[in-house]
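S.K.: Those sequence lines, one after another, are chains E and U. Going by the numbering used here, 23 is the number at position 23 of the first sequence; the sequence numbering is gapless. Going by the numbering used here, 1068 is the number at position 68 of the second sequence; the sequence numbering is gapless. Could you have a look at this structure, given as structure tokens, before my questions?
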Amino acid sequence: MFKANDRVVDICMGISFFIAFMYGAIMMFDSTFLIDRYDNPSSNPDTQTISIFMFWLGAANIGAAFGVIYMGYKGLDRAYFAYAVPLLFFFIIWNIAPAQASGNYTGIVLLSISLVALIIARSRSGFPSNPFDIPKADKYFGTDDMITKVLLFLGLIGQGFNVIYYFVRPDAIIEDTPVLSMSVEAQQFATAMMLLSLAWVISLLYQMRAGLSMTMISVGLLISTIYFVGMINYMITSGGTGGNPLIGISFTFFFVGSVIVFFRNQSKA
Amino acid sequence: MIKNNDTATVIILSLVAFVALTYSMMFIYQPNAEAFIERLGPDAQVQSEGGYFWMGLIGTIYLALAIGNVFALLATPQECAVYYRVMVTLTFFLFLRALWFTMTQENASANLTPLIVQGLVWLGTLVVYTRSGQRIGTNINWM
């Protein structure tokens, strides 16, 4: 597996997959399991907001787990590590406050194990040990296809906008979305969404220099499809009220762009 | 990556996977399932907690079918022969069931969307199966 022919790499990637998939499944399908273990319902009775944020984070975890499966068939990909390693590092830092507040350090421990496993797998995969030693492709994103290039640039700009906008208005995603309610916990999750965008920015910058990665395009397609389908379901359920048009437009563009980029490039994978 | 070279098949399998994923989330999450039941019409509005539990189970099967369609995209048509046949059979039975329920509903203003969608999915799988060139007999070619 992973075209590495190394049992240690298999085990490390397996551990990382298991942790990502477990958190993804819990966050998407039974978020109250985690809420009960971290949150105090008497101080914050609004579990709906947290559940919506957890759905988004759960989809990102499922995407990360899918990336591991993809690499199991196609071989290890540096772009995935450029995405997953910073993301796990960010989320370990992000987890400190809720862990201290609740006394539950399980998340930090499991994310640390996953991070160490990824770093071990990467170190044994033959990639340059210096993460900033990135080979330069002939062209941006290593492709001649202008549509792919434009869409990936738009993705980079969009994710970069998310990060910058968070620092301008940290509460924007909550305040501008009627279905979400402001609380300390909700603001914590708004930060998580920014960190997710930041990891995508790093991965897209890597791909801009080294060439596009079908692993990350497939991961993006899976995540964007889940977001888009979730949005459609929410629109049907709510009758079109309570949503945030900006998030709706972002998810739609993310999905349509991912579909176009995937189908234009899948034959090369 | 996609091993199926027939564009129509790729489009149909992708669309069916998308619809299956949409339905899976619709059935798995209870608020979505409640909204779905509400829109089915007056005859379907009586639903207990147990009903939503079983809808969640059906949603899980839909999720597996969505993933199955993606697997089918990543394999050659020959490798997918049994899957295509199962899908044709399954969607045909589901269409017949939807047809029967629609025909026997007492309320004349019944929602026809499930019947139409089910019919389209059945036709889609038939097209996929036919275009894969693996029909054993010719007796049902007229379909």
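Built from N, CA and C at the ideal position, the CB exists for glycine as well.
1. Within the continuous alpha helix (DSSP H) that includes S238(E), where are the two ends?
2. Using a Cβ-Cβ cut-off of 9 Å, state whether F1092(U) counts as contacting chain E.
3. I need the boundaries of the alpha helix (DSSP H) containing E175(E), first residue and last residue.
4. Inspect the CB distances between the region 48-57 of chain E and the region 18-38 of chain E and report whether three or more fall short of 8 Å.
5. How many whole angstroms separate the CB atoms of L115(E) and L88(E), which I take to be in contact at a CB cut-off of 8 Å?
6. Would you please verify whether the beta carbon of V229(E) is less than 9 Å from any beta carbon of chain A?
7. For Q266(E), go through chain U and note every residue whose CB falls closer than 8 Å to its CB, in chain order.
8. With distance defined between alpha-carbon atoms, name the residue in M214(E), I232(E), L195(E) nearest to N86(E).
9. Taking the C-alpha atoms as reference points, what is the distance between S123(E) and A60(E)?
10. Which residues, in order along the region 1016-1031 of chain U, keep a beta-carbon less than 8 Å from a beta-carbon of chain E?
11. When the Cα atoms are used, what is the spatial distance from I96(E) to M231(E)?
12. Hey, is the region 1032-1042 of chain U in contact with the region 1076-1093 of chain U, meaning 3+ C-beta pairs nearer than 8 Å?
13. Excluding five sequence neighbours on each side, which residues of the same chain lie with their C-beta closer than 7 Å to the C-beta of A1066(U)?
14. If you follow the alpha helix (DSSP H) that P98(E) is in, where does it begin and where does it stop?
15. Whose C-alpha, out of R1131(U), T1130(U), W1100(U), is nearest the C-alpha of I1116(U)?
M.R.: On the basis of the coordinates in this document:
1. 214-238
2. no
3. 172-175
4. yes
5. 4 Å
6. Protein chains E and U are contained in the structure displayed, whereas chain A is not.
7. M1001, I1002
8. Sequence inspection shows Pro at residue 86(E); the Asn mentioned does not correspond to that position. Of the listed residues, the one whose Cα sits closest to P86(E) is L195(E).
9. 24 Å
10. F1018, L1021, T1022, M1025, M1026, I1028, Y1029, P1031
11. 30 Å
12. no
13. A1017, A1020, L1021, S1024
14. 78-102
15. W1100(U)
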